[in-house]
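Accompanying notes for the structure given below.
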Amino acid sequence: MSILRFDDLLDAKSCCSSNHYSPLCASSCFSSSLPRHHFQDHQGNFQQQQGQGVSRVGESEISNTEREYKIRLALQFYQPSEVTLTVAANSLTVDAKHAQKEDNHGSVVRTFQRTYKLPEDLETKSITSTMDPQGSLIIKIQKKPQENSKEISIPINFK
């Protein structure tokens, strides 16, 4: 006897072919007939549904307001000490790497890199970053102050 029908598994969308593949595929990758426990992470937390923020490693949300540029990036398998940010030529690069970990089956090294092209109007010296307990890296960059277009009187010289 099977808990799942074999046909349900054949109809499932393949997370492996997605650009956002992770070991914990979002529930939207599978038929709705799969039990909820298939969508728990290693700590027993249920994954977020699509539209509720970033949930898979490497997924990001970007907001660009009048005052700041903000990136929220899902890095739930990394500690803050394993993540580095670098800025060069209007590009922000996020690198993350786990140290090699041994287990009964061999060793695992997990790396991640993502580069964002930044708008020209950002003050790159103002970058701040924080990581929340769920593993979302939040990067904020303030915008450069806009020059006020004050009216300037220009004298006319007569020769």
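Here UniProt numbering is used: the first residue of the sequence shown is 1, the next is one more, and so on. A virtual CB, placed ideally from N, CA and C, is assigned to each residue, including glycine. Remember, it's a predicted structure, so these values are computed and weren't measured experimentally.
Using a Cβ-Cβ cut-off of 6 angstroms (strictly less than) and excluding sequence neighbours within five positions of residue i, which residues of its own chain qualify?
| i | result |
| --- | --- |
| I62 | I71 |
| Y116 | L92 |
| Q113 | D95 |
| H37 | In this predicted model, H37 has a pLDDT of only 45, less than 50, meaning its place in the structure is not dependable; the value taken from the coordinates is given anyway. Nothing meets the Cβ criterion. |
| residue 189 | Limits of the chain in this structure are 1 at one end and 159 at the other, which puts residue 189 out of reach. |
| K144 | D121, E123 |
| P80 | M131 |
CA-CA distance, residue i and residue j?
| i | j | result |
| --- | --- | --- |
| N156 | D121 | Reading the sequence as shown, one finds Ile at residue 156 and not Asn. Distance between the alpha carbons of I156 and D121: 34 angstroms. |
| G135 | E68 | 22 angstroms |
| D132 | T84 | 16 angstroms |
| N64 | I141 | 10 angstroms |
| residue 172 | I154 | Nothing about residue 172 can be read from this structure; the chain reaches only from 1 to 159. |
| V108 | E123 | 38 angstroms |
| A74 | T130 | 12 angstroms |
| T86 | S60 | 17 angstroms |
Can you tell me whether residue i is buried or exposed, with buried defined as 16 or more other CB within 10 angstroms of its CB?
| i | result |
| --- | --- |
| E102 | exposed |
| Q100 | exposed |
| A88 | exposed |
| T111 | exposed |
| E151 | exposed |
Taking residue i as part of the beta strand (DSSP E), name the residues at either end of that continuous run.
| i | result |
| --- | --- |
| K143 | No beta strand (DSSP E) holds K143; DSSP gives it neither H nor E. |
| R114 | 111 to 117 |
| R72 | 68 to 74 |
| T84 | 83 to 88 |
| E61 | 60 to 64 |
Output needed for residue i: all residues of its chain with C-beta closer than 7 angstroms, excluding positions within five of it in sequence on either side, in chain order.
| i | result |
| --- | --- |
| G51 | Note that G51 has pLDDT 42, beneath the 50 cutoff, so the model's placement of it is unreliable and no number is given. |
| T128 | K140 |
| N90 | K117, L118, E120 |
| G58 | H20, A74, F112, R114 |
Check the DSSP bridge columns for residue i and list the partner residues they point to.
| i | result |
| --- | --- |
| E120 | DSSP, once it has assigned bridges, lists no residue as partnering E120. |
| D132 | The partner list for D132 (beta bridge, DSSP) is empty, contrary to what the question assumes. |
| K97 | T111 |
| I138 | R72, T130 |
Which same chain residues, not among the five before or five after residue i, have their C-beta less than 8 angstroms away from its C-beta?
| i | result |
| --- | --- |
| H98 | F77, Y78, E82, V108, V109, R110, T111 |
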